[in-house]
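Visitor: In order, the protein sequence lines correspond to chains A and B. Using the working numbering, you'd call the opening residue of the first sequence number 1 and step up by one each time. Using the working numbering, you'd call the opening residue of the second sequence number 380 and step up by one each time. All C-beta atoms, glycine included, are put in the ideal place defined by N, C-alpha and C. Shown below is the structure under consideration.
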Amino acid sequence: MEKESFPFYRFFHRLRQEVGIELDLPQYLAFWEVFLGAQPHIENWDQVLDLCKMLWMSRAEYKGSFERIFKEEVAQLCMDLKGKNSEIKPLDREGTHPNLNPTNRFTEGSGSSNDPADFPPATDTHPAKDTSNLGERMGSIYLQFSETDQTDAQGGIESIPCEGELLDNNYLFSEKYSPLLDRRLQQHWKYLRSNHTKKAGTNLDVAGTVKELAQWGRISTPKYLNARENRPKIVLLVDQSPSMVAFEYMEQHFIAAFRASLPKAEIKVGYFYNSPEALYNQKGLKINQLVPKKQENKTAVFIFSDAGAARGNNNSKRITQTRVFLKRLRPDVSTVVWLNPLTEDRWMSSSAEYIAYLVDMLEISPAGMKSLPNLLKHT
Amino acid sequence: MIKEKNYKKYEGKALQHYNEQLELDPYFPSEGLVRAVEVARLLERPLLLRGAPGSGKTRLAEALAFELHGDQYQNYLRKWNIKSTTKASEGLYTYDHLQKLRDTQDNSIRSKQIKYKQYWKLGPMGEAFQKATEENAPPILLIDEIDKADIDFPNDLLDVLEGKKKSFEIKEANVKTEIVAEKSPIIIITSNDERELPNAFLRRCVFYYLPFPEKEDLYRIAKANIQKISNDETMVKLIAALVDYFVAKHKEMEANPNAVKPISTSELLDWLKVIAFYKPYDNEALKVGEQGELIFKNEKVLYPEVLFKNYDDWKTQLGVDYK
Numbered sequence: 001m002e003k004e005s006f007p008f009y010r011f012f013h014r015l016r017q018e019v020g021i022e023l024d025l026p027q028y029l030a031f032w033e034v035f036l037g038a039q040p041h042i043e044n045w046d047q048v049l050d051l052c053k054m055l056w057m058s059r060a061e062y063k064g065s066f067e068r069i070f071k072e073e074v075a076q077l078c079m080d081l082k083g084k085n086s087e088i089k090p091l092d093r094e095g096t097h098p099n100l101n102p103t104n105r106f107t108e109g110s111g112s113s114n115d116p117a118d119f120p121p122a123t124d125t126h127p128a129k130d131t132s133n134l135g136e137r138m139g140s141i142y143l144q145f146s147e148t149d150q151t152d153a154q155g156g157i158e159s160i161p162c163e164g165e166l167l168d169n170n171y172l173f174s175e176k177y178s179p180l181l182d183r184r185l186q187q188h189w190k191y192l193r194s195n196h197t198k199k200a201g202t203n204l205d206v207a208g209t210v211k212e213l214a215q216w217g218r219i220s221t222p223k224y225l226n227a228r229e230n231r232p233k234i235v236l237l238v239d240q241s242p243s244m245v246a247f248e249y250m251e252q253h254f255i256a257a258f259r260a261s262l263p264k265a266e267i268k269v270g271y272f273y274n275s276p277e278a279l280y281n282q283k284g285l286k287i288n289q290l291v292p293k294k295q296e297n298k299t300a301v302f303i304f305s306d307a308g309a310a311r312g313n314n315n316s317k318r319i320t321q322t323r324v325f326l327k328r329l330r331p332d333v334s335t336v337v338w339l340n341p342l343t344e345d346r347w348m349s350s351s352a353e354y355i356a357y358l359v360d361m362l363e364i365s366p367a368g369m370k371s372l373p374n375l376l377k378h379t
Numbered sequence: 380m381i382k383e384k385n386y387k388k389y390e391g392k393a394l395q396h397y398n399e400q401l402e403l404d405p406y407f408p409s410e411g412l413v414r415a416v417e418v419a420r421l422l423e424r425p426l427l428l429r430g431a432p433g434s435g436k437t438r439l440a441e442a443l444a445f446e447l448h449g450d451q452y453q454n455y456l457r458k459w460n461i462k463s464t465t466k467a468s469e470g471l472y473t474y475d476h477l478q479k480l481r482d483t484q485d486n487s488i489r490s491k492q493i494k495y496k497q498y499w500k501l502g503p504m505g506e507a508f509q510k511a512t513e514e515n516a517p518p519i520l521l522i523d524e525i526d527k528a529d530i531d532f533p534n535d536l537l538d539v540l541e542g543k544k545k546s547f548e549i550k551e552a553n554v555k556t557e558i559v560a561e562k563s564p565i566i567i568i569t570s571n572d573e574r575e576l577p578n579a580f581l582r583r584c585v586f587y588y589l590p591f592p593e594k595e596d597l598y599r600i601a602k603a604n605i606q607k608i609s610n611d612e613t614m615v616k617l618i619a620a621l622v623d624y625f626v627a628k629h630k631e632m633e634a635n636p637n638a639v640k641p642i643s644t645s646e647l648l649d650w651l652k653v654i655a656f657y658k659p660y661d662n663e664a665l666k667v668g669e670q671g672e673l674i675f676k677n678e679k680v681l682y683p684e685v686l687f688k689n690y691d692d693w694k695t696q697l698g699v700d701y702k
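Quick look at the structure:
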């Protein structure tokens, strides 16, 4: 049996491909398990949509795309059924049919209509009703899930959180472009850890207690582990040179993601022009004020700059200044990561290519940011 | 499919009124939420409830337990309140290493006694698993506010929640001890959506988003809650106007990006209780206008300390500094 002929497989697949929801085979099977086993039976499209949301809509932000694709797929399914049963030629995907508006059908329920475009009856010819070897048949599409997991859901296609429109030439026309979803960014920043002691905890420190016992032959008071909370110190250094004007929204998007995902973090933002050596911020602070000495190497520094890649310039003064700056900075911080809004192929022959040898430089894209969790985990 | 012999469907109708004997407040789940509970039971997966504070996430577990088990509901309900330091293993059991050390040093206790003595104590999850094996009816496990936990906590839970047969072993025990639940308890996990949960964890859950209650729902909740503390007819008549005022204020705060903590259902209920107790309507400090609107004497909201719990919100709403 072709996988495409499984009802809702295409909807499921489109959720993975177009929306980027990381769904797996057990979730598809769960849909059928409930659909076939629910008592009382699912009776209308609203209930099907609710069920799909319960099982597949893992985040509220998917709601718009989720419902849109569902409506499209229901319309298509209705057309297919109508075509099969009454030999009405099915319309193409972009076509419309006055009697097949899925939005109208959402609140109608199954009713008593015999129109095949209504909700398919939960008996007889429903292709998935034969559940005896459902798992076996699903096995044939398992391979496809495994193959697409890496590309579709994790890096290949990422939804673009902006309100722009695609022009005829495939350029995106929008002032609000960010190549990464908020949730993806927030997941990355969570790897920034700096556990600060908060107060005496209530969890027994077994190792400490045993050590005391071994040392003194008795236990005076049990030892307890300290309760901790994650309060990382973060410094964001943002390039404000003219070549970065186009990425202003992206900068703000990043800063907002930091603040949202790490509400207890101490976040300081500084600005510079071309090289972070020439740092300034609104209060005229210098880098040693943003990252004071004796920080016990707990501060993570992120530099947001094109490093000369936007114009393709190779500026030796800029490279030298950056090297000096990084050398001075490193003893006082735990990590330095350079986030470059330009793609890696644009770094070649520019200052960025040389600076990338001095510091971990990542392009801001799903593929580029993949290595960020590893960098942060080891800090 | 559902393994329970005496399967009882959840319909969400058992707590329509305040239960005086058990001191249970009324609970009105939506049709979608009732279905989500049944879907989670069918699939034996945790139900992940998300929504704003005050939308009734935590109360579902209690209402569900009451509907399925009646007066004995507390025997079947296990609550696990998550803290920033909570570890997944603590939900299963904790082991009293210290007592064991003391016993080994005590010459009056024989080593055989130590070998068979139970030094572990089951956690809420462990108890729910054990109960699921012992009883025909399903216990309910509430894992409350999972967002508070460490980033690794949801992933650590995966091993335990994976599969329909839940089991774990007490590794420290001298004699092999394994708790196996043939049937899964009903697991309800609540989240305020304050942090991202890992995809691997989300894939194993059934999701439901609880929206903030509509005005009609709030009115029903308010009425049912007030009836348990006050029979004052004037107060009952005032409820509609008070709820209208609350809803307008809630919407205003939701729309204001500078509002820190928009008022929620619990604040409404507290506010109503205070008004029912002090009866400001008796001396016309509070009355309903011709259009059904609420009128405060001196045009200042009464008992703002119950409604606005953030200093900035207080200043914005009252235009004064309370210091």
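Does the Cβ-Cβ distance between A307 of chain A and A367 of chain A come in under 8 Å?
Guide: Locating residue 307 of chain A in the first sequence gives position 307, counting from the first residue. Locating residue 367 of chain A in the first sequence gives position 367, counting from the first residue. Not in contact: A307 of chain A and A367 of chain A (Cβ atoms no closer than 8 Å).
Visitor: Look at Y608 of chain B and A664 of chain B and say whether their C-beta atoms are less than 8 Å apart.
Guide: Within the second sequence, numbered from 1, the residue matching residue 608 of chain B stands at position 229. Within the second sequence, numbered from 1, the residue matching residue 664 of chain B stands at position 285. Tyr is not the amino acid found at residue 608 of chain B; the sequence shown has Ile there. No, Cβ-Cβ distance for I608 of chain B and A664 of chain B is not below 8 Å.
Visitor: Reducing DSSP to helix, strand and coil, say where S570 of chain B ends up.
Guide: Counting from 1 along the second sequence, the entry for residue 570 of chain B is found at position 191. Here S570 of chain B sits in strand by DSSP.
Visitor: Identify whether I42 of chain A lies in helix, strand or coil by the three-state DSSP scheme.
Guide: Here residue 42 of chain A corresponds to residue number 42 of the first sequence, with the count starting at 1. Note: I42 of chain A maps to coil in three-state DSSP.
Visitor: At a Cβ threshold of 8 Å, is A60 of chain A touching chain B?
Guide: Your numbering for residue 60 of chain A matches position 60 in the first sequence. Chain B, which has a Cβ nearer than 8 Å to the Cβ of A60 of chain A, makes this yes.
Visitor: Helix, strand or coil: how does DSSP classify P239 of chain A here?
Guide: Walking along the first sequence from the start, residue 239 of chain A turns up at place 239. Strictly speaking, residue 239 of chain A in this sequence is Asp, with Pro absent from that position. Strand at D239 of chain A.
Visitor: If you check the beta carbons only, do Q27 of chain A and L55 of chain A fall under 8 Å apart?
Guide: In the first sequence, the residue the question calls residue 27 of chain A occupies position 27. In the first sequence, the residue the question calls residue 55 of chain A occupies position 55. Yes, these two residues count as a Cβ contact at 8 Å.
Visitor: Nearest-angstrom Cα distance between L552 of chain B and Q478 of chain B?
Guide: For the purposes of this step, residue 552 of chain B is identified with residue 173 of the second sequence, where counting begins at 1. For the purposes of this step, residue 478 of chain B is identified with residue 99 of the second sequence, where counting begins at 1. Correcting the residue identity first, residue 552 of chain B is Ala in this sequence and not Leu. Their backbone Cα atoms lie some 13 Å apart in a straight line.
Visitor: Hey, is E266 of chain A's beta-carbon within less than 8 Å of any beta-carbon in chain B?
Guide: By 1-based counting over the first sequence, the position of residue 266 of chain A is 266. No, because no Cβ of chain B sits closer than 8 Å to the Cβ of E266 of chain A.
Visitor: Opposite K500 of chain B in the DSSP bridges: which residues?
Guide: Along the second sequence, read from residue 1 onward, the residue named residue 500 of chain B stands at position 121. K500 of chain B pairs with B:T473.
Visitor: Identify, in the order they occur along the chain, each residue of the same chain with its Cβ nearer than 6 Å to the Cβ of E469 of chain B, setting aside the five sequence neighbours on each side.
Guide: The residue you call residue 469 of chain B lines up with position 90 of the second sequence. Cβ neighbours of E469 of chain B beyond the five flanking positions: G502.
Visitor: In this structure, does DSSP put A310 of chain A in helix, strand or coil?
Guide: The count along the first sequence starts at 1 and reaches residue 310 of chain A at position 310. DSSP places A310 of chain A in coil when its eight states are reduced to three.
Visitor: Measuring straight from C-alpha to C-alpha, what distance separates S563 of chain B and K63 of chain A?
Guide: In the second sequence, the residue the question calls residue 563 of chain B occupies position 184. In the first sequence, the residue the question calls residue 63 of chain A occupies position 63. Distance between the alpha carbons of S563 of chain B and K63 of chain A is about 30 Å.
Visitor: In whole angstroms, give me the CA-to-CA distance for P341 of chain A and I364 of chain A.
Guide: One-based indexing of the first sequence puts residue 341 of chain A at position 341. One-based indexing of the first sequence puts residue 364 of chain A at position 364. C-alpha separation (whole angstroms): 5 Å.
Visitor: Could you compute how far the alpha carbon of F547 of chain B sits from the alpha carbon of A431 of chain B?
Guide: Start at 1 with the first residue of the second sequence, and residue 547 of chain B comes out as number 168. Start at 1 with the first residue of the second sequence, and residue 431 of chain B comes out as number 52. Approximately 34 Å between the Cα atoms of the pair.
Visitor: Please name the residues in the segment 567-599 of chain B whose beta-carbon is closer than 9 Å to at least one beta-carbon of chain A, in chain order.
Guide: For the segment 567-599 of chain B, which is checked against every Cβ of chain A, the residues closer than 9 Å are D572, E573, R574, E575, L576, P577, N578, A579, L581, R582, R583, C584, V585, F586, Y587, Y588.
Visitor: Answer with yes or no whether the minimum CB distance from G505 of chain B to chain A is below 8 Å.
Guide: What you label residue 505 of chain B is simply residue 126 of the second sequence in a count that begins at 1. No - not a single Cβ of chain A is within 8 Å of the one on G505 of chain B.
Visitor: Please confirm if S261 of chain A has its CB atom under 8 Å from at least one CB of chain B.
Guide: The sequence position of residue 261 of chain A within the first sequence is 261, counting from 1. Yes, S261 of chain A counts as interfacial toward chain B.
Visitor: Since R429 of chain B sits in a beta bridge, which residues does DSSP pair it with?
Guide: Position 50 of the second sequence, counting from 1, holds the residue named residue 429 of chain B. In the DSSP output, where bridge partners are listed per residue, R429 of chain B has B:S570, B:Y588.
Visitor: With T299 of chain A as the anchor, note down where its beta strand (DSSP E) starts and where it stops.
Guide: Looking up residue 299 of chain A in the first sequence gives position 299. Segment 299-304, the beta strand (DSSP E) holding T299 of chain A.
Visitor: Compute the distance between the beta-carbons of A620 of chain B and L697 of chain B, then report whether it is under 8 Å.
Guide: Walking along the second sequence from the start, residue 620 of chain B turns up at place 241. Walking along the second sequence from the start, residue 697 of chain B turns up at place 318. No. Outside cutoff.
Visitor: Can you find at least 3 beta carbon pairs, one from the segment 510-522 of chain B and one from the segment 563-581 of chain B, that sit closer than 8 Å?
Guide: Result yes; three or more Cβ-Cβ pairs closer than 8 Å.
Visitor: Mind listing which residues of the segment 200-214 of chain A have their C-beta closer than 9 Å to chain B's C-betas, in chain order?
Guide: Cβ contacts with chain B come from G201, T202, N203, L204, V206, T209, V210, L213.
Visitor: Buried or exposed: which applies to G433 of chain B, given that a residue is buried once 16 or more other Cβ atoms fall within 10 Å of its Cβ?
Guide: Numbered from its first residue, the second sequence carries residue 433 of chain B at position 54. Result: buried.
Visitor: Grouping DSSP H, G and I as helix and E and B as strand, with all else coil, what is K211 of chain A?
Guide: Position 211 of the first sequence, counted from the start, is the residue given in the question as residue 211 of chain A. K211 of chain A falls in the helix class under three-state DSSP.
Visitor: For chain B, is any of its Cβ atoms less than 8 Å away from the one on M79 of chain A?
Guide: Indexing the first sequence from 1 puts residue 79 of chain A at position 79. No, no contact with chain B.
Visitor: What are the start and end residues of the alpha helix (DSSP H) that includes Y249 of chain A?
Guide: Your numbering for residue 249 of chain A matches position 249 in the first sequence. Note, Y249 of chain A: alpha helix (DSSP H), 248-261.
Visitor: Let me check one thing: in DSSP terms, what residues is I522 of chain B bridge-paired to?
Guide: Here residue 522 of chain B refers to the residue found at position 143 when the second sequence is read from its first residue. DSSP, once it has assigned bridges, lists B:W459, B:I568 as partnering I522 of chain B.
Visitor: Pick from B:T556, B:D450, B:A603: whose alpha carbon is nearest that of L648 of chain B?
Guide: Numbered from 1 along the second sequence, position 269 holds the residue referred to as residue 648 of chain B. With distances taken between Cα atoms, L648 of chain B lies closest to B:A603.
Visitor: Here's the rule I'm using: 16 or more other beta-carbon atoms within 10 Å means buried, otherwise exposed. How should L484 of chain B be labelled?
Guide: The residue labelled residue 484 of chain B in the question sits at position 105 within the second sequence. It should be pointed out that residue 484 of chain B corresponds to Gln in this sequence rather than to Leu. Label assigned to Q484 of chain B: exposed.
Visitor: Whole-angstrom Cβ separation of L51 of chain A and V34 of chain A, contact assumed at under 8 Å?
Guide: Sequence index remark: in the first sequence, residue 51 of chain A carries index 51 (1-based). Sequence index remark: in the first sequence, residue 34 of chain A carries index 34 (1-based). With a Cβ gap of about 6 Å, L51 of chain A and V34 of chain A count as contacting.
Visitor: Against chain B, which members of the segment 11-38 of chain A pass a CB distance test of less than 8 Å?
Guide: Residues E22, L23, D24, P26, Q27, A30, E33, V34, G37, A38.
Visitor: Which residues in chain A sit within 7 Å of A415 of chain B, going by Cβ to Cβ distance?
Guide: Within the second sequence, residue 415 of chain B is the residue found at index 36, counting from 1. Going along chain A in sequence order, the residues near A415 of chain B (Cβ under 7 Å) are M54.
Visitor: Closer than 7 Å, Cβ to any Cβ of chain A: which residues of the segment 454-482 of chain B, in chain order?
Guide: Residues S463, T464, H476, L477, L480.
Visitor: Rounded to the nearest angstrom, what separates K458 of chain B and L358 of chain A at their Cα positions?
Guide: As a first step, residue 458 of chain B is located in the second sequence; it is residue number 79 there, counting from the start. As a first step, residue 358 of chain A is located in the first sequence; it is residue number 358 there, counting from the start. So the two alpha carbons sit approximately 52 Å from each other.
Visitor: Hey, does P222 of chain A have any beta-carbon neighbour from chain B nearer than 8 Å?
Guide: As a working note, residue 222 of chain A is residue 222 in the first sequence. Yes - at least one Cβ of chain B is within 8 Å of the one on P222 of chain A.
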